[in-house]
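Q:
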Amino acid sequence: MKLFVYCITAMIFSANPLYAEPTKTDSGKELYQSNCSSCHHPERYGVSGPPLIAETIGKRKDADLTETIKNGLPATNMPSFKASLKDDEIAAIVSYIKTPAVSPRWETKDILTTRAVSDTKGLSPRPKPDMTNFFMVVEGGKGDVHFMDGDTFTLLDKAHVGAIHGGPKFDNNLKNAYLGGRDGWVVKYDLTEWREVGRLRAGINTRNIAVSTDGKVLAVANTLPENIVLINTETLEPTRNISLEGKVGAIYTLKSKEVFVISFRDRPEVWFLEWNSLIISKFRVDQPFSDFFIEPGERFLIGTSREGKHLSILDLESRKITKSLEGEGMPHLASAAIYKDNGKMYAAFPHIEEPTLTVMELYKWSVIENVKLKGTGFFARTHDNINTIWVDTGSDTIQIVDKKTLKIVNEVVPSPGKKAMHIEFTKDGKYALVSIWENDGAVVIYDTATLKEVKRLPFMKPVGKYNATNKKY
Ligand code: HEC
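To convert a position in the sequence shown, counted from 1, into this note's numbering, add 215.
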């Protein structure tokens, strides 16, 4: 009863303009509109400048944002406001831009206004690398994706995307690459003509992208607005906008069933979206799958929620959760290393909060080992042709685990004191590519047999490397 009375009073107060005092955020909003909206969008969704909403910059320190606004960002179009805005005005703007976007809308007409089909000429002469051993390297610090010959480790070309954390996609015949950024931008790059074909902004804030097996449909999973946008890869026009009414976890392509799989962070459901018929099938699961992987047979989906208390195994044939496994320490499943040994299949995955690499036997769904690591890792990777699993440890060290004994047998330290993260192998497993995940970072290439460094390519925060063949799992 008490609570009820309180609510009513609160409503009266907020509805009555006499009681509404202008807040810091309100004045920030006005100042934003007159000083910032031309580049960052009236609704803060971003135009030539990036979005300024809680979803993208909410976790940044006030001091850091204040510094950016005061001094601008050198060598970019972000101006300095030192001369035109007072300290308390900048403080008001900072408080406003950290608020969430209000019922964000980004419709087909908005997407179409951003669509640009490029008439750039390709590289000449056109390189002809072995496309099956081809790499994309995502340079997070510059917002670029580099295209690299995997036999010689030479960089051939690059495309600029803007804020990007990973996940560029090849289509199945390795003819095109699709690069999806955090702010909804999607770029199509033609890998035979060696040129950007076009780009468009499919959302305001995006989780990841997926391409259909036939290469005709690109799916963009957005958190703002909460939807999936399907794009015709030929024309780069949006064909469908599917509302999710929930926060997407991730979208992946399930080749054998010709569907996109969609998971949610806030809802215990997994959706199948058929890219031809657009029919959606919904599976109920026992917890939201904010993170998951699909085993190579594509029958089981192994998922966990953000709390990561247990693993759930969803059988896509019976459409039921067949097993739930207790665990601890927040497994990172999307980056599991999946491999075969002695006729059995295994998945090895790190934990975001525990310095452990868990090795699970697939189909039996039993944990066979928890390998203690030097620190909490994020990515584990292996290759059929090598007998070790490489895992990062949130430190300068990559630890190397023997597949048979499940003991740590070696390590590499690409740069002492600098964070080493994310491993990818060449098609034949002869070389491992490790990122130094820093602004003055690099991709360091090791011979997997001798562990000798063979090459070092400087990059600004190279967040990921993607080999055309090894991306199959
Ligand atoms: C003339 C265009 C322009 C105006 C006006 C402008 N900005 Fe920017 N802003 C940019 C661009 C472009 C960037 C991205 C620079 C880069 O890193 O490439 C940026 C970046 C930023 C960033 C860093 C975002 C991040 O994710 O790191 C902040 C914060 C920011 N602007 C705030 C503001 C505020 C607040 C105002 C108004 C007081 C403003 N900007 C006005 C163009 C502009």
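Backbone N, C-alpha and C define an ideal beta-carbon position, used for all residues, glycine too.
(1) Quick check on residue 675: does DSSP put it in helix, strand or coil?
(2) Taking 8 Å as the threshold (C-beta atoms), are residue 296 and residue 285 in contact?
(3) Please list, in chain order, all residues of the same chain as residue 539 whose beta carbon is under 8 Å from its beta carbon, the five residues on each side excluded.
(4) What are the complete alpha helix (DSSP H) segments, minimum 4 residues, inside the segment 273-355?
(5) Spell out a yes or no on whether the segment 487-501 and the segment 460-476 are touching, meaning 3 or more CB-CB pairs, one atom from each, closer than 8 Å.
(6) Assign residue 666 to buried or exposed, taking buried as 16 or more other Cβ atoms, counted over all protein chains shown, within 10 Å of its Cβ.
(7) Just the C-alpha distance for residue 372 and residue 352, rounded to the nearest angstrom, thanks.
(8) With distances taken Cα to Cα, identify the nearest neighbour of residue 384 among 369, 354, 250, 403.
(9) Going by beta-carbon coordinates alone, are residue 421 and residue 435 separated by less than 8 Å?
(10) When DSSP builds the beta bridges, which residues end up paired with residue 545?
(11) In the DSSP assignment, what residue or residues form a beta bridge with residue 376?
(12) If we count Cβ pairs, one from each stretch, closer than 8 Å, do we get three or more for the segment 321-330 versus the segment 359-375?
(13) Comparing C-alpha positions only, which one of 564, 533, 327 sits nearest to residue 518?
(14) Any contact between the segment 595-605 and the segment 634-650? By contact I mean 3 or more CB pairs, one from each, below 8 Å.
(15) If we count the other Cβ atoms within 10 Å of its Cβ and call it buried at 16 or more, is residue 359 buried or exposed?
(16) If you check the beta carbons only, do residue 642 and residue 684 fall under 8 Å apart?
(17) Nearest to residue 577 by alpha carbon, out of 588, 551, 587, 571?
(18) Going by the beta-carbon positions, is the gap between residue 560 and residue 522 smaller than 8 Å?
(19) Return helix, strand or coil for residue 241, following the three-state DSSP convention.
A: Looking at the atomic coordinates:
(1) Coil at residue 675, not helix or strand.
(2) Contact: yes.
(3) Answer for residue 539: 501, 525, 526, 527, 528, listed in chain order.
(4) Taking only runs of at least 4 residues, the alpha helix (DSSP H) segments lying wholly in the segment 273-355 are 277-286, 302-312, 323-329.
(5) Touching, yes, given that three or more Cβ pairs across the two stretches are closer than 8 Å.
(6) Exposed, since its Cβ has fewer than 16 Cβ neighbours within 10 Å.
(7) Looking at the two C-alpha atoms, the distance is approximately 11 Å.
(8) When the alpha-carbon of residue 384 is set against those of 369, 354, 250, 403, the nearest one is in 403.
(9) Cβ atoms of residue 421 and residue 435: closer than 8 Å.
(10) In the DSSP output, where bridge partners are listed per residue, residue 545 has none listed.
(11) Per DSSP, none; premise fails for residue 376.
(12) By the Cβ rule, the segment 321-330 does not count as touching the segment 359-375, because fewer than three pairs are nearer than 8 Å.
(13) When each option's Cα is compared against that of residue 518, the closest is 564.
(14) Output reads yes: the segment 634-650 touches the segment 595-605.
(15) Sixteen is the threshold: when 16 or more other Cβ atoms of the shown chains lie within 10 Å of the Cβ of residue 359, as they do, the residue is buried.
(16) The criterion of a C-beta distance shorter than 8 Å is satisfied by residue 642 and residue 684.
(17) Nearest C-alpha to residue 577 among 588, 551, 587, 571: 551.
(18) Cβ distance not < 8 Å, so residue 560 and residue 522 don't count as in contact.
(19) Here residue 241 sits in helix by DSSP.
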